[in-house]
Amino acid sequence: MAQIQEDQTLDARDLLCPMPVVKTSKAMKELGPGQVLKIVATDRGAITDLPAWAETTGNEVLTWHEKDGELVFLIRKGGEE
Amino acid sequence: MPDEQKLAQASGLSEEEVRRIVREELERDRKHEPAAKKAAIIASKGTLDWAYPPLILATTAAASGMDAHVFFTFYGLNIIHKDFERKLKVSPVGNPDMPMPVPMPTLVTALPGMGPMATKMMKAKFRGKNVATIGELIEAAQELGVRLIACQMTMDVFGYVQEDFIDGVEFGGAAAFLAEARRAHVTLFV
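The listed protein sequences derive, respectively, from chains A and B.
Residues 1 to 81 (the numbering used here) make up the first sequence, in order.
Residues 1001 to 1190 (the numbering used here) make up the second sequence, in order.
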């Protein structure tokens, strides 16, 4: 699979619920449909919270992985491109 | 004869297809239903620990594209009081689940100084874990457009005036809450 390039990165490390979701929603407002936001978080609640948020808001979690204790999410903004 | 069978006969589709179409339509409709985008929460408690759940849920609802309303009543008014920093406390009295540095009998927790100590400990613990402060959550809520509504009746009972509350707070009563709650799938009493 080709590497997905993010358009913006959000550093949500050290933040706890609900701030990763709050900051993600704010950062996502700056992007246009189809653009990709990369989120780096350390709150393990984000593993379920960010996909749940994406489902509610019509955005798409493209992929996520864990690296050195950090959770990295790529979320594509929904809507008409 | 069930409706699906009648529809299947009239349309020439199989009953299976009719059921699938109905299911998909319901699913599509659910996404557009206004009530799915509204949350009405009552915050009735005025301690530091109980100030968190309504604010966390309201900010998350708003961040998820929902209209969120929080009605502050009785002791919950502490949360939006201008002096919330000082008013929101925790007490180990009658709070057997509260972790203490050393095990202690309930009577001891009632001694003078134990309440402030417990409040200080909880704040330090939250800060240590980097949990947002109540001030930060209120700021996030207001930025996200969460409507913060103070219950007028309990304000009068406790002798509060509108100026006692942080900027942006609205004022209303039970009817104002119910007007929102009847159109909200998410209604919570905290």
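Beta carbons are placed, not taken as given, at the ideal position from N, Cα and C, and that holds for glycine.
This structure is a prediction, so every number in the text was calculated from the model and none was measured.
Around the CB of K1037 of chain B, 16 or more other CB atoms lie within 10 Å, so the residue is classed as buried. At least 7 Å separates the beta-carbon of I75 of chain A from that of A41 of chain A. In the structure shown, the three-state DSSP call for H1185 of chain B is coil. Ranked by how close their Cα comes to the Cα of A1039 of chain B, the residues B:P1054, B:K1045, B:E1136 have B:P1054 in first place. For T1154 of chain B, there are no neighbours in chain A by C-beta distance under 9 Å, as the nearest C-beta there is about 26 Å away. The Cβ atoms of P18 of chain A and T1059 of chain B lie closer than 7 Å to each other. For G1065 of chain B, the residues of chain A that pass the 9 Å Cβ criterion are S25, T56, T57, G58, in the order they occur in the chain.
Between the alpha carbons of I47 of chain A and E60 of chain A lies a gap of roughly 14 Å. DSSP places D43 of chain A in no beta strand (DSSP E); its state is neither H nor E. In the structure shown, V61 of chain A adopts extended strand secondary structure according to DSSP, grouped into three states. Using a 10 angstroms sphere on the CB of E1170 of chain B, the tally of other CB atoms stays under 16, which defines it as exposed. In the three-state DSSP reduction, Q1152 of chain B falls in the helix class (H, G or I). Counted as a single uninterrupted DSSP element, the alpha helix (DSSP H) harbouring V1022 of chain B occupies residues 1015-1032. The beta carbon of A1035 of chain B sits closer than 8 Å to the beta carbons of R1183, A1184, H1185 from its chain, once the five residues preceding and following it are set aside; these are given in chain order. Exclusion of the five residues before and after Y1052 of chain B leaves no residue of its chain whose Cβ lies closer than 7 Å to its Cβ. For R13 of chain A, there is no enclosing alpha helix (DSSP H), as DSSP gives it neither H nor E. In the three-state reduction of the DSSP assignment, I1166 of chain B falls in the coil class. L15, L16, C17, P18, M19, V21, V22, T24, S25, K26: these are the residues of the region 15-43 of chain A whose beta carbon lies less than 8 Å from some beta carbon of chain B, given in chain order. Excluding the 5 residues flanking it on each side, P1101 of chain B has same chain C-beta neighbours closer than 8 Å at M1121, in chain order.
Identification of chain A residues near N1130 of chain B by a Cβ-Cβ cut-off of 8 Å yields D14, L15, L16, ordered along the chain.
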